[in-house]
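FYI, the numbering for the sequence shown is 1 to 332, going by the numbering used here.
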Amino acid sequence: MVKLSEIRSANTSLKSSRSGLTAVVVGGTNGIGRGFLSALAAQSDSPKIYIVGRNPTTLSTIVSELQSLNRTGTYIPVPVADLTLLADVEKATAQIVEKEPKLDLLFMSQGYLSLGGRDESVEGLDKLTTIRHYGRTLFILNLLPLLNAAPSPRVVSVLGGGQEGPIFTDDLEFKDPKNYSLPKIAGASGTYVTLTLEQLQKRNPKISFVHAFPGLVKTNLINPEHWGPVARFLINWVLLPTIGRFFFNSPEESGERILYAASSPQFGAQGTGDDLAVGSNGVRGSGAYTLNEKPEAVNNDKALKPLREEKSDVLIWEHTLEILERVLGRKF
Ligand SMILES: NC(=O)c1ccc[n+]([C@@H]2O[C@H](COP(=O)([O-])OP(=O)(O)OC[C@H]3O[C@@H](n4cnc5c(N)ncnc54)[C@H](OP(=O)(O)O)[C@@H]3O)[C@@H](O)[C@H]2O)c1
1 MVKLSEIRSA NTSLKSSRSG LTAVVVGGTN GIGRGFLSAL AAQSDSPKIY IVGRNPTTLS
61 TIVSELQSLN RTGTYIPVPV ADLTLLADVE KATAQIVEKE PKLDLLFMSQ GYLSLGGRDE
121 SVEGLDKLTT IRHYGRTLFI LNLLPLLNAA PSPRVVSVLG GGQEGPIFTD DLEFKDPKNY
181 SLPKIAGASG TYVTLTLEQL QKRNPKISFV HAFPGLVKTN LINPEHWGPV ARFLINWVLL
241 PTIGRFFFNS PEESGERILY AASSPQFGAQ GTGDDLAVGS NGVRGSGAYT LNEKPEAVNN
301 DKALKPLREE KSDVLIWEHT LEILERVLGR KF
């Protein structure tokens with residue numbers, strides 16, 4: 001168990017141990033990503049941080065706040081319209097690639113919750129699966145040359161590390177309504193992310209990949225505008241003031257914990273030390289890790305081992321590339 005005091009002390013030491021870090025933060029305009037962004041800016045010396053977000057006013061407010069928090073930093077807004085669209089991920093990454101030769105850290109927490117069924121975008125993809133998986137994979141693929149050019153690069157994806165569930169090998173795009181429910185999609189998308197990060201690690205051993213589960217965090221995610229008055233009343237007046245007080249973390253504390261996940265040497269790339277954590281595949285120092293909310297390395301062998309044995313990891317990888325090629329019309 002990592003104590004919060006240890007996390008804070010490790011984060012504070014980053015200022016002296018690592019200077020001039022370049023990071024891309026996606027999802028940093030709210031919730032856990034916002035907490036992470038503040039922690040990263042506060043605990044870094046001369047960072048350069050690209051902040052990808054869909055609201056230009058929010059982006060400029062955040063840039064001003066970060067400048068007051070740490071004047072040694074450079075904060076660059078990257079406006080996008082909608083990260084449920086692969087075309088917009090392409091536009092965001094193109095803006096970064098044209099300016100930057102190397103990238104030390106790619107952080108992603110973009111997402112939302114939906115109680116409804118499959119919601120298809122103009123690109124013909126489920127929007128939720130795109131923002132959680134296809135789009136995040138595209139961010140990584142497009143930024144790989146920059147990541148591979150950095151001395152010890154890391155990718156952190158915040159979703160459901162260790163919470164992976166079954167997939168539907170005959171319905172990988174969740175077109176069958178019986179495969180589409182909040183828990184089924186949460187489990188399957190967690191599996192897509194973990195197994196895809198493992199595939200990316202195999203092809204890019206210099207990079208370390210972290211799939212983090214944040215636990216329950218009090219953010220807009222559990223209180224979205226579109227959930228309607230009854231759900232919002234129950235959340236705000238029943239759940240949060242009662243049991244919610246004991247079970248939900250603040251976005252600020254979650255951000256500090258994820259900064260630890262993004263910087264601790266124990267979650268480093270393969271072969272980078274004697275003290276590496278056990279990877280998502282059960283191998284110490286594998287370079288791809290699934291972390292719980294503490295954050296500690298966890299394994300979900302129950303869900304993932306049979307999937308690896310039946311080569312569903314390769315199936316998901318090939319499916320993901322096929323989707324990207326189909327929508328974007330180029331080879332990966
Ligand atoms: N909170 C929890 O208890 C919890 C638990 C388990 C897993 N998670 C996962 O952790 C991640 C972060 O959650 P959170 O609680 O921080 O959520 P949040 O507070 O709602 O923040 C979500 C972020 O994603 C961005 N976003 C959402 N839809 C977008 C779109 N269509 N285009 C571009 N950006 C979009 C939001 O931008 P705006 O600022 O513009 O809205 C915001 O920056 C999610 O993937 C979530 O599933 C959260």
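The C-beta atom is built at its ideal place from N, Cα and C for all residues, glycine as well. Since the model is a prediction, treat every value here as computed from it, not as a measurement.
Legend entry - beta-carbon L216 near ligand 1 non-hydrogen atom, thresh 7 angstroms: Translated into positions along the sequence shown, residue 216 becomes position 216. Indeed, a heavy atom of ligand 1 lies less than 7 angstroms from the Cβ.
Legend entry - Short CB-CB distance (under 8 angstroms) between G20 and chain C: This model lacks chain C altogether, as it is built from one protein chain only.
Legend entry - Neighbour-count burial assignment, P295, 16 or more Cβ in a 10 Å radius: Working through the sequence shown from its first residue, we reach residue 295 at position 295. With 16 or more Cβ atoms within 10 Å of its Cβ, P295 is classed as buried.
Legend entry - Distance cut-off 7 angstroms: T272 Cβ against heavy atoms of ligand 1: Position 272 of the sequence shown holds residue 272. Every heavy atom of ligand 1 is 7 angstroms or more from the Cβ of T272, so no.
Inset, instruction - Can you tell me which of the three DSSP states D45 falls into? - result: As a working note, residue 45 is residue 45 in the sequence shown. D45 falls in the strand class under three-state DSSP.
Inset, instruction - Report buried or exposed for V230, applying the criterion of at least 16 other Cβ atoms within 10 angstroms of its Cβ. - result: The sequence position of residue 230 within the sequence shown is 230, counting from 1. Counting Cβ neighbours within 10 Å, V230 comes out exposed, since fewer than 16 surround it.
Inset, instruction - Report yes or no: do the segment 143-163 and the segment 105-113 share at least 3 C-beta pairs separated by less than 8 angstroms? - result: yes
Inset, instruction - Inspect the beta-carbon positions of G215 and N300 and report whether they are closer than 8 angstroms. - result: Residue mapping note: residue 215 aligns to position 215 of the sequence shown, counting from 1. Residue mapping note: residue 300 aligns to position 300 of the sequence shown, counting from 1. Not closer than 8 angstroms, so no.
Legend entry - Within 8 angstroms, strictly: CB atoms of S264 and I167: Taking the sequence shown and counting its residues from 1, the one referred to as residue 264 is at position 264. Taking the sequence shown and counting its residues from 1, the one referred to as residue 167 is at position 167. Not closer than 8 angstroms, so no.
Inset, instruction - Report all residues from its chain with a CB closer than 7 angstroms to the CB of L69; omit the five preceding and five following residues, and keep chain order. - result: Looking up residue 69 in the sequence shown gives position 69. The residues are S38, A41 and A42.
Legend entry - Those residues which DSSP pairs with Y50 across a bridge: On the sequence shown, residue 50 is found 50 positions in, with the first residue counted as 1. DSSP lists V24 and I76 as partners of Y50.
Inset, instruction - Could you tell me if the beta carbon of N300 falls within a distance shorter than 7 angstroms of some heavy atom in ligand 1? - result: As a first step, residue 300 must be located in the sequence shown, where it is residue number 300. No - ligand 1 has no heavy atom lying nearer than 7 angstroms to the Cβ of N300.
Legend entry - Unbroken beta strand (DSSP E) run spanning L240, endpoints: What you label residue 240 is simply residue 240 of the sequence shown in a count that begins at 1. Element bounds for L240: n/a, residue is neither H nor E.
Legend entry - Test item: CB-CB of A303 and G165 under 8 angstroms: Position 303 of the sequence shown, counted from the start, is the residue given in the question as residue 303. Position 165 of the sequence shown, counted from the start, is the residue given in the question as residue 165. The answer is yes: Cβ separation under 8 angstroms.
Inset, instruction - Give the secondary structure of F247 by DSSP, where H, G and I count as helix, E and B as strand, and everything else as coil. - result: Counted from its first residue, the sequence shown places residue 247 at position 247. Residue state, collapsed to three classes: helix.
Legend entry - Sufficient close CB pairs (3 or more, under 8 angstroms) joining the segment 3-14 to the segment 77-95: no
Inset, instruction - Report yes if the C-beta distance between T194 and S286 is below 8 angstroms; otherwise report no. - result: Position 194 of the sequence shown holds residue 194. Position 286 of the sequence shown holds residue 286. It is not a contact, given that the beta carbons lie outside the stated cut-off.
Inset, instruction - Consult DSSP for E100 and reduce its assignment to one of helix, strand or coil. - result: Start at 1 with the first residue of the sequence shown, and residue 100 comes out as number 100. Reduced to three states, the DSSP call for E100 is coil.
Inset, instruction - Could you check the C-alpha separation between P101 and Q201 for me, to the nearest Å? - result: Walking along the sequence shown from the start, residue 101 turns up at place 101. Walking along the sequence shown from the start, residue 201 turns up at place 201. When rounded, the distance between both Cα atoms is 21 angstroms.
Inset, instruction - Determine the DSSP secondary structure at V210, reduced to helix, strand or coil. - result: Walking along the sequence shown from the start, residue 210 turns up at place 210. Three-state DSSP puts V210 in a strand.
Inset, instruction - Check whether the segment 18-36 touches the segment 247-258, counting contact only when three or more Cβ pairs, one atom from each stretch, lie closer than 8 angstroms. - result: yes
Inset, instruction - List the DSSP bridge partners of R18. - result: Counting from 1 along the sequence shown, the entry for residue 18 is found at position 18. Its beta-bridge partners do not exist; DSSP assigns none.
Legend entry - Straight-line gap, A269 to D104 (C-alpha atoms, nearest Å): Taking the sequence shown and counting its residues from 1, one reaches residue 269 at position 269. Taking the sequence shown and counting its residues from 1, one reaches residue 104 at position 104. Straight-line Cα distance between these residues: approximately 12 angstroms.
Inset, instruction - Go through its chain and collect everything with a Cβ distance to A92's Cβ below 6 angstroms, but skip five positions before and after it. - result: Taking the first residue of the sequence shown as position 1, residue 92 is located at position 92. For A92, where only same-chain residues beyond five positions count, the Cβ hits under 6 angstroms are V52, V78 and V80.
Inset, instruction - May I have the straight-line CA-CA distance separating L113 from E123, to the nearest angstrom? - result: The residue given as residue 113 occupies position 113 in the sequence shown. The residue given as residue 123 occupies position 123 in the sequence shown. If you take the alpha carbons of L113 and E123, they lie about 20 angstroms apart.
Inset, instruction - Could you please give me the residues that DSSP links to R154 through a beta bridge? - result: Residue mapping note: residue 154 aligns to position 154 of the sequence shown, counting from 1. Its beta-bridge partners are L105 and S208.
Inset, instruction - Hey, could you find the ends of the beta strand (DSSP E) T290 is sitting in? - result: Here residue 290 refers to the residue found at position 290 when the sequence shown is read from its first residue. Its beta strand (DSSP E) spans residues A288 to L291.
Legend entry - Alpha-carbon spacing of T290 relative to F209, whole angstroms: For the purposes of this step, residue 290 is taken as residue 290 along the sequence shown, with counting starting at 1. For the purposes of this step, residue 209 is taken as residue 209 along the sequence shown, with counting starting at 1. Answer to the nearest angstrom: the Cα atoms are 9 angstroms apart.
Legend entry - Proximity test, I51 beta-carbon vs ligand 1 heavy atom, cut-off 7 angstroms: Sequence index remark: in the sequence shown, residue 51 carries index 51 (1-based). Because no heavy atom of ligand 1 lies under 7 angstroms away, the Cβ of I51 does not count as near it: no.
Inset, instruction - Look at K178 and R118 and say whether their C-beta atoms are less than 8 angstroms apart. - result: As a working mapping, residue 178 is identified with position 178 in the sequence shown. As a working mapping, residue 118 is identified with position 118 in the sequence shown. For K178 and R118, no; Cβs fall outside 8 angstroms.
Legend entry - Rounded C-alpha distance that separates G73 from L328: As a working note, residue 73 is residue 73 in the sequence shown. As a working note, residue 328 is residue 328 in the sequence shown. Roughly 34 angstroms between the two C-alpha positions.
Legend entry - Per-residue burial, A94 [other beta carbons within 10 Å of its own, 16 or more giving buried]: The residue you call residue 94 lines up with position 94 of the sequence shown. Exposed: under 16 other Cβ atoms inside 10 Å.
Legend entry - Same chain only: Cβ atoms within 6 angstroms of F58, ignoring 5 sequence neighbours per side: For this step, residue 58 is matched to residue 58 along the sequence shown. Note that residue 58 is Thr in the sequence shown here, rather than Phe. T29, listed in sequence order.
Inset, instruction - Could you tell me whether any non-hydrogen atom of ligand 1 is closer than 7 angstroms to the CB of D334? - result: Lying before the first or after the last residue shown, residue 334 is absent from the chain, which here runs from 1 to 332.
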